[in-house]
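Visitor: Let me give you the structure first, and then I'll get to my questions.
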Amino acid sequence: MFAKPSLLAAGFAIGLATLVPGKAEAHRHWLLPSMTVFAGEEELVTVDAAASNELFVFEHRPLSLDSLVVIGPDGQPVDAKVLGSGDYRSIFDVPLTMQGTYRIALVSGGAMGFYELNGERHRMRADNAQAAHAELPEGATNVRISENSSRTETFVTLGAPNEVALAPTGQGLEMIPVTHPNDIVAGEPATMRFLLDGEPAAGLEIEFVEGGTRYRDNAGIQMLETDADGQVTLTVEDPGMYYLEVGARPEAAEGETPRRASYTAVLEFMPL
Amino acid sequence: MRKPVILIATGLIATPAGAQELSVNIEIPRLRVAEYHNPYIAVWVEDASGKVAANLDVWYDVDLRGEEGTKWLPDLRTWWRRTGRSLKMPVDGVSGPTQAPGQHRVDFKQGARPLGNLPPGSYKLRVEAAREVGGREILTVPFQWPPAAAKTATAQGKTELGAVRLTVKP
Chain A
0 MFAKPSLLAA GFAIGLATLV PGKAEAHRHW LLPSMTVFAG EEELVTVDAA
50 ASNELFVFEH RPLSLDSLVV IGPDGQPVDA KVLGSGDYRS IFDVPLTMQG
100 TYRIALVSGG AMGFYELNGE RHRMRADNAQ AAHAELPEGA TNVRISENSS
150 RTETFVTLGA PNEVALAPTG QGLEMIPVTH PNDIVAGEPA TMRFLLDGEP
200 AAGLEIEFVE GGTRYRDNAG IQMLETDADG QVTLTVEDPG MYYLEVGARP
250 EAAEGETPRR ASYTAVLEFM PL
Chain B
0 MRKPVILIAT GLIATPAGAQ ELSVNIEIPR LRVAEYHNPY IAVWVEDASG
50 KVAANLDVWY DVDLRGEEGT KWLPDLRTWW RRTGRSLKMP VDGVSGPTQA
100 PGQHRVDFKQ GARPLGNLPP GSYKLRVEAA REVGGREILT VPFQWPPAAA
150 KTATAQGKTE LGAVRLTVKP
């Protein structure tokens, strides 16, 4: 079934270079919760983490859970129980012991670079652009270093929704719900706001897709654009799990490190 | 906890002058399915703006051990979103056990819990039913409060509910 977490950690460390979302790769990255609306004193949400083309089918590869961050209703981190990874998905459980909203995310960032040395092309990774520059060997030429950050996210609520966990971190590309992400229903518009490093991100192209792609001919993709405030309105006819993806490449001024930021979320639209 | 009232002889209860009454008759249909569980049912009153004015009844598995009873309350989707998720269950005078198929009558009085003092206005009685491994249905019966005269109105369910009859009395 599933490898033990300790073995997995080793596996991830070795496989990291290939597991970090390849930028040219078109696969969708998602965290799929069993449900998003829970009741009672305590509950448990179980979450699948995978990259795939079909929504939400495990058909490509698991996501690394090394960068899993769960924020609870009081703004404090919550420990997830990692069950492991198969060839196509990773699985973890999050105990919900406090009333309110949980923000569940894979948050990663780093720098990657290319350079040439003695006529050979090399590739490198580092925590950030500064570290990458420091690691460059003497005599490297044609150096290209860029920074990237990504957030793959979903939200669940036990009892009544609250807003504490939804506060912006101010880092990378983030979706800050205007309409609470666990209070959205089919037929009613839901408004989301996108921030890049805490500032409204205007003019971003958003791909918004209904799950169940496998069972229809239409790709079912809504292309949307954030307004001057970074806001976008999501409207769906049918209840279900939806996927949202957005990327940003802020223009780098002369001498600045180019960067790209990406964000994906899974949202559940309930019937009413 | 509250059980559906099986008609009490009216003369036995001293009714304060002007205490309007609201009574709801709910029919739970008998269904031929492989696995049948009594439905969860929520009964509440909404004002003209859709705000919950009174939670009247929630029938669920109140007696199940631990969290099992409350776990499926969100299946009463409209009720859950409007009010359920903000309540601490069980709610005294509102929570009750699930009921078997048949006719169930519940009575409420102005000025008494759980109806409380409903200010004059236009309201909707809402009855929502959700059944384990079954479906969900919600019915609405509009009414004016306080009623000028005794009046009965009915909404007819198709799947999880039979007829829901509301009678208001001045």
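Chains A and B, in that order, give the protein sequences.
Numbering that gives the first Met the number 0 puts the first residue of the first sequence at 0, with every later residue one more than the last.
Numbering that gives the first Met the number 0 puts the first residue of the second sequence at 0, with every later residue one more than the last.
All C-beta atoms in this analysis are idealised placements derived from N, C-alpha and C, irrespective of residue type, glycine included.
As the structure is a prediction and not an experimental result, all values here were calculated from the model.
Taking CB distances under 8 Å as the criterion, tell me whether residue 166(B) reaches chain A.
Guide: Position 167 of the second sequence, counted from the start, is the residue given in the question as residue 166(B). No, residue 166(B) lies away from the interface with chain A (no Cβ there is under 8 Å from its Cβ).
Visitor: With a cut-off of 8 Å on the beta carbons, I'd call residue 28(B) and residue 130(B) a contact; round off their distance for me.
Guide: Here residue 28(B) refers to the residue found at position 29 of the second sequence. Here residue 130(B) refers to the residue found at position 131 of the second sequence. With 8 Å as the limit, residue 28(B) and residue 130(B) do not qualify as a contact, their Cβ atoms being about 10 Å apart.
Visitor: Determine which residues share a DSSP beta bridge with residue 147(A) and list them.
Guide: Counting from 1 along the first sequence, the entry for residue 147(A) is found at position 148. DSSP lists 109(A), 259(A) as partners of residue 147(A).
Visitor: Taking Cβ positions, are residue 159(A) and residue 85(B) nearer each other than 8 Å?
Guide: Here residue 159(A) refers to the residue found at position 160 when the first sequence is read from its first residue. Here residue 85(B) refers to the residue found at position 86 when the second sequence is read from its first residue. Yes, these two residues count as a Cβ contact at 8 Å.
Visitor: Could you say which of 108(B), 79(B), 110(B), 158(B) lies nearest to residue 57(B) if we only look at CA atoms?
Guide: One-based indexing of the second sequence puts residue 57(B) at position 58. Checked all of 108(B), 79(B), 110(B), 158(B); the closest Cα to residue 57(B) is 79(B).
Visitor: Quick one, which of 113(A), 102(A), 195(A) has its alpha-carbon nearest residue 230(A)'s?
Guide: Numbered from 1 along the first sequence, position 231 holds the residue referred to as residue 230(A). Looking at the Cα atoms, 195(A) is the closest of the given residues.
Visitor: How about the stretch 120-137 of chain A and the stretch 182-189 of chain A: do they share at least three Cβ pairs that are nearer than 8 Å?
Guide: no
Visitor: I need the straight-line Cα distance from residue 151(A) to residue 30(A), nearest angstrom please.
Guide: In the first sequence, the residue the question calls residue 151(A) occupies position 152. In the first sequence, the residue the question calls residue 30(A) occupies position 31. Each residue's Cα considered, the two are about 7 Å apart.
Visitor: For chain B, find out if any of its Cβ atoms is closer than 8 Å to the Cβ of residue 36(A); answer yes or no.
Guide: Locating residue 36(A) in the first sequence gives position 37, where the first residue counts as 1. With 8 Å as the cut-off, residue 36(A) counts as an interface residue toward chain B.
Visitor: Under 8 Å Cβ-Cβ, which residues of chain B neighbour residue 73(A)?
Guide: For the purposes of this step, residue 73(A) is taken as the residue at position 74 of the first sequence. Neighbours of residue 73(A) on chain B: none; closest Cβ ~18 Å, over 8 Å.
Visitor: Does the separation of the CB atoms of residue 54(B) and residue 71(B) fall below 8 Å?
Guide: Taking the first residue of the second sequence as position 1, residue 54(B) is located at position 55. Taking the first residue of the second sequence as position 1, residue 71(B) is located at position 72. Using a Cβ distance threshold of 8 Å, residue 54(B) and residue 71(B) do not count as a contacting pair.
Visitor: Rounded C-beta distance between residue 46(A) and residue 93(A)? I'm assuming under 8 Å.
Guide: Mapped onto the first sequence, residue 46(A) falls at position 47. Mapped onto the first sequence, residue 93(A) falls at position 94. Indeed, because the Cβ distance is near 7 Å, the residues count as touching under 8 Å.
Visitor: Roughly how many angstroms separate the alpha carbons of residue 32(B) and residue 154(B), rounded to a whole number?
Guide: The residue labelled residue 32(B) in the question sits at position 33 within the second sequence. The residue labelled residue 154(B) in the question sits at position 155 within the second sequence. Roughly 24 Å separates the two Cα atoms.
Visitor: Which class does residue 28(B) belong to by DSSP, given the choice of helix, strand or coil?
Guide: Your numbering for residue 28(B) matches position 29 in the second sequence. It is coil, neither helix nor strand.
Visitor: For chain A, find out if any of its Cβ atoms is closer than 8 Å to the Cβ of residue 108(B); answer yes or no.
Guide: For the purposes of this step, residue 108(B) is identified with residue 109 of the second sequence, where counting begins at 1. Judged by the 8 Å Cβ criterion, residue 108(B) is not in contact with chain A.
Visitor: Run through DSSP, which three-state label would residue 177(B) get?
Guide: There is no way to answer for residue 177(B), as the model of chain B reaches only from 0 to 169.
Visitor: Report the residues of the stretch 59-84 of chain B with a CB closer than 8 Å to any CB of chain A, ordered along the chain.
Guide: 66, 69, 70, 71, 72, 73, 76, 77, 79, 80, 83, 84
Visitor: Specify, as a first and last residue, the run of the beta strand (DSSP E) that residue 131(A) falls within.
Guide: Taking the first sequence and counting its residues from 1, the one referred to as residue 131(A) is at position 132. It is not in any beta strand (DSSP E) - residue 131(A) instead sits in the alpha helix (DSSP H) that spans 128-134.
Visitor: Taking the alpha carbon of residue 161(A) as the point to measure from, which residue in 78(A), 180(A), 167(A), 263(A) has its own alpha carbon closest?
Guide: Your numbering for residue 161(A) matches position 162 in the first sequence. If we check each option's Cα against that of residue 161(A), 180(A) comes out closest.
Visitor: Expressed to the nearest angstrom, what Euclidean distance is found between the alpha-carbon atoms of residue 120(A) and residue 90(A)?
Guide: Mapped onto the first sequence, residue 120(A) falls at position 121. Mapped onto the first sequence, residue 90(A) falls at position 91. So the two alpha carbons sit approximately 37 Å from each other.
Visitor: Among 227(A), 154(A), 256(A), which residue has its Cα nearest to the Cα of residue 70(A)?
Guide: Residue mapping note: residue 70(A) aligns to position 71 of the first sequence, counting from 1. Among 227(A), 154(A), 256(A), the Cα nearest to that of residue 70(A) belongs to 154(A).
Visitor: So, residue 114(A) versus residue 77(A), is the Cβ gap smaller than 8 Å?
Guide: Here residue 114(A) corresponds to residue number 115 of the first sequence, with the count starting at 1. Here residue 77(A) corresponds to residue number 78 of the first sequence, with the count starting at 1. In this structure, residue 77(A) does not lie closer than 8 Å to residue 114(A) by Cβ.
Visitor: Which residues in chain B have a C-beta closer than 8 Å to the C-beta of residue 182(A)? List them in chain order.
Guide: Along the first sequence, one-based indexing puts residue 182(A) at 183. Residues of chain B passing the Cβ test: 80.
Visitor: Can you pull the chain B neighbours of residue 270(A), defined as C-beta to C-beta under 9 Å?
Guide: The count along the first sequence starts at 1 and reaches residue 270(A) at position 271. Result: 76, 135.
Visitor: Going residue by residue through the stretch 178-217 of chain A, where are the continuous beta strand (DSSP E) segments of at least 3 residues, counting only ones entirely within it?
Guide: 189-195, 204-209
Visitor: Is it the case that the Cβ atoms of residue 44(A) and residue 95(A) are separated by a distance below 8 Å?
Guide: By 1-based counting over the first sequence, the position of residue 44(A) is 45. By 1-based counting over the first sequence, the position of residue 95(A) is 96. Closer than 8 Å, so yes.
Visitor: Got a sec? Which residues, its chain only, sit under 8 Å from residue 140(A) by beta carbon, not counting five neighbours each side?
Guide: Taking the first residue of the first sequence as 1, we reach residue 140(A) at position 141. These residues qualify, in order along the chain: 114, 115, 116.
Visitor: Can you check whether the CB of residue 207(A) is closer than 8 Å to the CB of residue 241(A)?
Guide: As a first step, residue 241(A) must be located in the first sequence, where it is residue number 242. As a first step, residue 207(A) must be located in the first sequence, where it is residue number 208. It is a contact, given that the beta carbons lie within the stated cut-off.
Visitor: When you compare only the Cα positions, how much space is there between residue 108(B) and residue 28(A)?
Guide: Numbered from 1 along the second sequence, position 109 holds the residue referred to as residue 108(B). Numbered from 1 along the first sequence, position 29 holds the residue referred to as residue 28(A). Between residue 108(B) and residue 28(A), the C-alpha separation is close to 55 Å.
Visitor: For the beta strand (DSSP E) containing residue 171(B), list its first residue and its last residue.
Guide: Here chain B has residues from 0 to 169 only, and residue 171(B) is not among them.
Visitor: Tell me which residues share the same chain as residue 23(A) and place their Cβ nearer than 6 Å to its Cβ, disregarding the 5 neighbours each side in the sequence.
Guide: Taking the first sequence and counting its residues from 1, the one referred to as residue 23(A) is at position 24. In this prediction, residue 23(A) has a pLDDT of 44, which is less than 50 and means its spatial position is unreliable; nothing more can be read from the coordinates.
Visitor: What is the rounded straight-line gap between the Cα of residue 267(A) and the Cα of residue 167(B)?
Guide: Taking the first residue of the first sequence as position 1, residue 267(A) is located at position 268. Taking the first residue of the second sequence as position 1, residue 167(B) is located at position 168. About 39 Å.
Visitor: For the beta strand (DSSP E) containing residue 122(A), list its first residue and its last residue.
Guide: Numbered from 1 along the first sequence, position 123 holds the residue referred to as residue 122(A). Segment 119-125, the beta strand (DSSP E) holding residue 122(A).
Visitor: Residue 209(A) and residue 235(A) look like a contact to me (Cβ under 8 Å); what is the Cβ gap, rounded to whole Å?
Guide: Locating residue 209(A) in the first sequence gives position 210, where the first residue counts as 1. Locating residue 235(A) in the first sequence gives position 236, where the first residue counts as 1. That belief holds up - the Cβ atoms of residue 209(A) and residue 235(A) are roughly 7 Å apart, short of 8 Å.
Visitor: Beta-carbon of residue 159(A) versus every beta-carbon of chain B: anything under 8 Å?
Guide: Translated into positions along the first sequence, residue 159(A) becomes position 160. So, interface residue.
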